[in-house]
Every structure is written in structure tokens, then in C-alpha cells.
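Enquirer: Next up is a structure, given as C-alpha cells.
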Amino acid sequence: MLMKIREATDSDAEAIRTIARDSLGSTYTDFLEPETIDEAVEQWYGDPLADELADDRTLFLLVERDGELAGFSQSELVGQRANTGRLLWLHVHPDHRGDGTGVRLLVRTRERLLEEGADGIQCFVLADNEGGNQFYRSHGFEQAGQREVEIGSETFTENVYVEADLEDEGEWGTVDELTVDGETVYVSYGEAARGSQAPFYVAYSDDDRTDHYAWFCGNCDSIDNAMDAMGRIECNECGNRRKATRWDSSYL
């Protein structure tokens, strides 16, 4: 299944609203009334959305699965030098949950915020959303505080999550067990190499991350790739490429 993650445009506004409504409706109805959800979608993704999409300090990333929009993340850069990246919402449509879409969207959003100059990442999730809190805890984040947020005419508590350490990329605790090309692999999203279309990630054959098995293509979810003696990698499925560097050849 081909995955593509891209920035949203004005033409995606209706899809963003639909995904947000369906995501909130499937996850938050235990503590949000349907009317509150409708108010929230209009408040965040109604008329103000065009200005949000045009703001160069706001980032909306859309994920497509085989050409179908499956989810989006909403982030912003804050501070005088835009030194904090804040992931405000990560919505995955109910039809695309359980296939790694949310993790991949989290990974790419984090990468983009760091590329834009953020030196810290914060993630926000409603305190009553047990699944959302577990999602961030299991992917390298720890709770650092709380804040209040207005949804419709009501006020709710959000938990704030941060990464323990951004200085050592290899220690970021996001590892996914995936079945790829018929093989079970453990993909370490904290160990990435830049590709022409999307990063390549180290894939291990064991969950202890002792046996480097392959490279996982972040563009098409394949481990079918070729690497030469200089560390150049090319995905045989989609053509994603990583160029060699003098450091790569010694590492590999």
C-alpha cells in the first residue's frame, strides 16, 4: 500500500473537516457531545482554516493511502525564533487506524518541525483520551504538564507531552513492529537517512534492535531495496534514493 505525506492546500479544506469530524466522532463521544464536536470542527476548520493554511508558522500534513486521504496533523512553530514545534492535533480516519498510519504521520510531522528549526517538540492530547495518551507514551514522549483548552463552549484539560532527549536521534523511542514484504521487522524511526522522496529508516529483525536487517522506505513502506558499497540506497518499488556520503560508507 503506497503512502504519501504532503502539505495540505486550500483544495483539501473539505477533506480536513471530514477527517476531523469522523475522527472526533469515533474517539471522543465518551466525553464530548455530538453538538460539541460539530462546534469544534467549525471553530477550528471552518472559515479560519484558509488563514491557517496560509500561515508559514502553521503546518498541516496530509497522509494519503493509495490516493485516499487517511489523516492529517496540525502543528505550529512558536517562540521568537520558532524554537518549539507544537503538534496540536493528529487525526486518522477510523477506516485507516491500526495500519501504522498514525505513527508514520507522527514521525513525518516531527521531522518537518525539526527541519523548520524547532529544537523541542510538544504534543497535546485531551486528558480523557486514553488511547491518544498511550499513543504518545509508547512513541518516545513523556507527560510534562497540562493546560486548558476550549472546545465549543466547554473547557477541557489537555496533557502536554515532550521528548526526553532530542540531542541523540538514535535514542528516540519510536519502534514499530511491521510485516513488510512478508517479513516481520522492527522499524526504528529515530534512525533515519534522508532520501530523495522520503527518509529511509533502519529496520531490525528483532525488537532488541541488535540485528540491522534492512532499510525501510518511508515513501512506499517497502524493504525491497539495493545498496552499493558506498552506501547508496535505491528502493526497487518506488525509486526513492539515498545518496552516499563519506560517513555513510564507514558506518555501513
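So the sequence shown is numbered by the UniProt record's numbering: it starts at 1 and just counts up by one. Think of the CB as a built atom: it goes at the ideal place given N, C-alpha and C, for glycine as much as any other residue.
#1: Taking all protein chains shown into account, do 16 or more other C-beta atoms lie within 10 angstroms of the C-beta of H212, making it buried, or fewer, making it exposed?
#2: Tell me the DSSP secondary structure of I37 in three-state form.
#3: By Cβ distance below 8 angstroms, which residues in the same chain neighbour D168 in space, the five residues on each side in sequence not counted?
#4: Out of I151, D12, L113, state which residue places its alpha-carbon closest to the alpha-carbon of E35.
#5: Does the Cβ-Cβ distance between A203 and V180 come in under 9 angstroms?
#6: Do the stretch 62 to 73 and the stretch 4 to 12 make contact, defined as three or more Cβ pairs closer than 8 angstroms?
#7: Using beta carbons (cut-off 9 angstroms, strictly below), is D206 in contact with chain B?
#8: I'd like the span of the alpha helix (DSSP H) that includes D176, first residue to last.
#9: Please report the residue range of the alpha helix (DSSP H) in which T101 lies.
#10: For E234, which three-state DSSP category applies?
#11: For L166, I'd like the list of residues in its chain whose CB is within less than 6 angstroms of its CB, leaving aside the five on either flank, ordered along the chain.
#12: Using 10 angstroms around the beta-carbon of F135, count the other beta-carbons present and answer buried if the total reaches 16, otherwise exposed.
Expert: Taking the coordinates as given:
#1: Per the 10 Å Cβ criterion, exposed.
#2: Three-state result, I37: helix.
#3: The predicted position of D168 is uncertain, since its pLDDT is 49 and thus under 50; no value can be drawn from it.
#4: It is I151.
#5: Cβ atoms of A203 and V180: closer than 9 angstroms.
#6: With the cut-off at 8 angstroms, the stretch 62 to 73 and the stretch 4 to 12 touch.
#7: Annotation note: the requested chain B is absent from the structure, which comprises a single protein chain.
#8: Note, D176: premise wrong, no alpha helix (DSSP H); beta strand (DSSP E) at 175 to 180.
#9: Per DSSP, T101 is one residue of the alpha helix (DSSP H) stretching across 101 to 115.
#10: Three-state DSSP puts E234 in a strand.
#11: Model confidence at L166 stands at a pLDDT of 49, short of 50, so the residue's coordinates are unreliable; what they give is reported in the following sentence. Around L166: no qualifying Cβ.
#12: Answer is buried; the Cβ neighbour count reaches 16.
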